[in-house]
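Chemist:
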Amino acid sequence: MKRRFTTTALVASAAAAALLLTGCVAGENQPAADAAASTDDASGAVITEGGTLNIDFATYNPLSLVIKDQGWLEDALADQDITVNWVQSAGSNKANEALRANAIDVGSTAGSAALLARSNGSPIQVIDIYSQPEWAALVVPEGSAITSVEDLKGKQVAATKGTDPYFFLLQALEEAGLSQDDVTVQNLQHADGWAALQNGSVDAWAGLDPIMGGAEAAGAELVYRNVDFNSYGFLNATESFIAEKPDVAQTVVDVYEHARAWALENEEETATILADVAALDPAVASTVITERTNLDVDNVPGDAQFDVLTTIGPIFVETGDVLEQSQVDDALDTIINDTFATKADPTIVE
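Quick note on numbering: the sequence shown equals residues -26 to -1, 1 to 324 in mature numbering (1 follows the signal peptide of the UniProt record, and there is no 0).
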C-alpha cells in the first residue's frame, strides 16, 4: 500500500534530528534561520515575524530563477519583515549538503537525490513539485565511436554522484545488461564533467541541463536519452523549518505556483532569464525550457513521484549508497508532505 506523509507526525523530533544530522559544508556553517518570532492568530495559525528565509536557486530549476528575478518572494514576505537570502545550488548534491547543514531552509533537487538524502537520515521532505524534466542524458564528444550504452563497457564516465544524471547512468547500464563495475565513474560536479569530456579525460558524461544543452550546441552528442529515467524536480524543506515556520513554507509554495503559471505563459522570457543566469546562448536556453522541461505538471507530490522513486530506490542499496533497503522504505513512507502544495494559492502574488 502506498503511503504519503500529510501531517506533522515528525515535528516533535525535528529540531533534535536537525542538530544531530548537521554536516560541515564550506561557507555554509551559519544556521538556516536567524532570530525570528512566531505568534498565533485568532485561528491558532503560526505567524512568523522577522528573521531570514534561506532558499536556493539553481539553473536546473527554472522556477527558482523566475522567482528570484521577479522579486515575488521578497514582496510576499515583506509584511512579516522576513529577509530572503538566495543561495545558488550547483547540483542536487550541493542542495542536499546545504539542507543537511541547515544552511538553507528550502532547496531544489531531483527526486532521486532527495530520496537518497532522506534514506541516509537527512530530515527533509518534498513540499512541492516544480517540474518533470528531461534534464539528464548520456553525452559523448562529437564523432565518438561510442554509439550505444553497450559501448560504454570499459570506459571512463563522468557523473555527479547523488544526482539524477548519476542514477540515469546506473539505470541505463542496467537496461543494457551492464553494471557500475563495467565502467569507471569519475565523480565530478556537472560543469566539471562537461570540461572533462571536452579535454578527453573521460569518454562519456552523464549530463545535466542546461549545461548539457550548451554542450549539445557545441557539438557534443546525446548518445542515449530516456525521459522515464529522469525523476521529477522536488522542492524540499527541512523538517525543522516546516515545524517552526509553516506559514513561510506555505508562502514559498504559493509563490512557486504563481511562478509556474507565469512561466507557462511566458516561455521565451523564462528562457531569457535562464540564459542570463547560466550564461547560455538564448537559443539553447529556449530549447531547454520549451523542449526538455515540462512545467505543466501537478504540483502536489504523490503517487506519480512515489512510483518513480520506488523504482530508483533499490539501486541505492545495490550500489552501496544506502546500507539497507529498510532505510529506503522508511524514506519512501516519510518523504512526501503534500500539506502545502494541496493548499497552494498562486493569487497571493499581485
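All residues carry an ideal CB built from backbone N, CA and C; glycine is no exception.
Given a cut-off of 8 Å, decide if Tyr34 and Leu144 are closer than it, judged by their beta-carbon atoms.
Modeler: no
Chemist: If you compare alpha carbons, which of Gly24, Val222 and Ser38 is closest to Ile56?
Modeler: Gly24
Chemist: With distances taken from CA atoms, which of Leu126, Asn240, Ser38 and Leu209 is nearest Phe314?
Modeler: Leu209
Chemist: Nearest to Ala84 by alpha carbon, out of Trp109, Ala77, Arg74 and Asn76?
Modeler: Trp109
Chemist: Look up Ser93 in the DSSP assignment and say whether it is helix, strand or coil.
Modeler: helix
Chemist: Which residues does DSSP list as the beta-bridge partners of Asp270?
Modeler: Answer is none; Asp270 lacks a bridge partner.
Chemist: How long is the line joining the alpha carbons of Ala19 and Glu48, rounded to whole angstroms?
Modeler: 21 Å
Chemist: Pick out the complete beta strand (DSSP E) segments inside the segment 9 to 95, 3 residues or longer, and give them in chain order.
Modeler: 11 to 14, 20 to 23, 26 to 31, 57 to 62 and 80 to 84
Chemist: Could you name the residues of the same chain whose beta carbon sits closer than 6 Å to that of His232, not counting the 5 residues immediately before and after it, in chain order?
Modeler: Pro320 and Val323
Chemist: Straight-line CA distance for Gln163 to Gln172?
Modeler: 14 Å
Chemist: Around the Cβ of Lys317, are there at least 16 other Cβ atoms within 10 angstroms (buried) or fewer (exposed)?
Modeler: By the neighbour-count rule (16 or more Cβ atoms within 10 Å), Lys317 is not buried but exposed.
Chemist: Can you give the beta carbon distance from Ile263 to Glu239, rounded, assuming they're within the 8 Å contact cut?
Modeler: Going by Cβ atoms, the distance from Ile263 to Glu239 rounds to 13 Å, so no, they are not a contact pair.
Chemist: Tell me which residues share the same chain as Asp272 and place their Cβ nearer than 8 Å to its Cβ, disregarding the 5 neighbours each side in the sequence.
Modeler: Ile103 and Ala278
Chemist: How would you call Ala(-18), buried or exposed, if buried means at least 16 neighbouring beta carbons within 10 angstroms?
Modeler: Low per-residue confidence applies at Ala(-18): pLDDT is 37, beneath 50, and the placement is therefore not dependable, though the value from the model is reported in the following sentence. In the assembly as shown, Ala(-18) is an exposed residue. Its beta-carbon has fewer than 16 other beta-carbons within 10 Å.
Chemist: Under 8 Å between the Cβ atoms of Asp30 and Ala72?
Modeler: yes
Chemist: What separation, rounded to the nearest whole angstrom, lies between the Cα atoms of Ala111 and Phe141?
Modeler: The alpha-carbon atoms of Ala111 and Phe141 are separated by roughly 10 Å.
Chemist: In the DSSP output, which residue or residues are listed as bridge partners for Ser105?
Modeler: Gly207
Chemist: Assign Leu297 to buried or exposed, taking buried as 16 or more other Cβ atoms, counted over all protein chains shown, within 10 Å of its Cβ.
Modeler: exposed
Chemist: In the structure shown, what three-state DSSP assignment does Ala182 receive?
Modeler: The question names Ala, yet the displayed sequence has Leu at residue 182. Correct three-state label for Leu182: strand.
Chemist: Among Val222, Ser93 and Leu152, which residue has its Cα nearest to the Cα of Ala52?
Modeler: Val222
Chemist: Tell me Thr212's beta-bridge partners as DSSP assigns them.
Modeler: Ile98
Chemist: To the nearest angstrom, how far is the alpha carbon of Ile185 from that of Val157?
Modeler: 23 Å
Chemist: Would Asn70 and Gly136 be called neighbours here (beta carbons separated by less than 8 Å)?
Modeler: yes
Chemist: If I follow the unbroken beta strand (DSSP E) through Val176, where does it start and stop?
Modeler: Run containing Val176: none; DSSP gives neither H nor E here.
Chemist: Measure the C-alpha to C-alpha separation of Ile78 and Glu190 and round it to an integer number of angstroms.
Modeler: 32 Å
Chemist: Going by beta carbon distance, what residues of the same chain come within less than 6 Å of residue 325, once the five residues before and after it are set aside?
Modeler: There is no way to answer for residue 325, as the model of the chain reaches only from -26 to 324.
Chemist: List the whole-angstrom C-beta distance separating Phe290 from Ser93, where the pair is believed to meet the contact cut-off of C-beta under 8 Å.
Modeler: 6 Å
Chemist: What did DSSP end up calling Leu162 once you bin it into helix, strand or coil?
Modeler: coil
Chemist: If you draw a straight line from the C-alpha of Pro5 to the C-alpha of Ala50, how long is it?
Modeler: Only weak support exists for where Pro5 lies, its pLDDT of 47 falling under 50; the value from the coordinates is given anyway. Just so you know, the alpha carbons of Pro5 and Ala50 end up roughly 23 Å apart.
Chemist: What is the rounded straight-line gap between the Cα of Glu265 and the Cα of Thr13?
Modeler: 45 Å
Chemist: Tell me, to the nearest whole angstrom, how far the beta carbon of Ala170 is from that of Gln154; I am working on the premise that it is less than 8 Å.
Modeler: In fact, because the Cβ distance is near 18 Å, the residues do not count as touching under 8 Å.
Chemist: How far does the beta strand (DSSP E) with Val131 in it extend, from its first residue to its last?
Modeler: Looking at the DSSP string, the run of the beta strand (DSSP E) that includes Val131 is Gln130 to Ala133.
Chemist: Can you tell me whether Ile21 is buried or exposed? The criterion is at least 16 other CB atoms within 10 Å of its CB, across all chains shown.
Modeler: exposed
Chemist: Looking at C-alpha atoms only, which residue of Ala10, Pro36 and Thr26 is the closest neighbour of Ala259?
Modeler: Pro36
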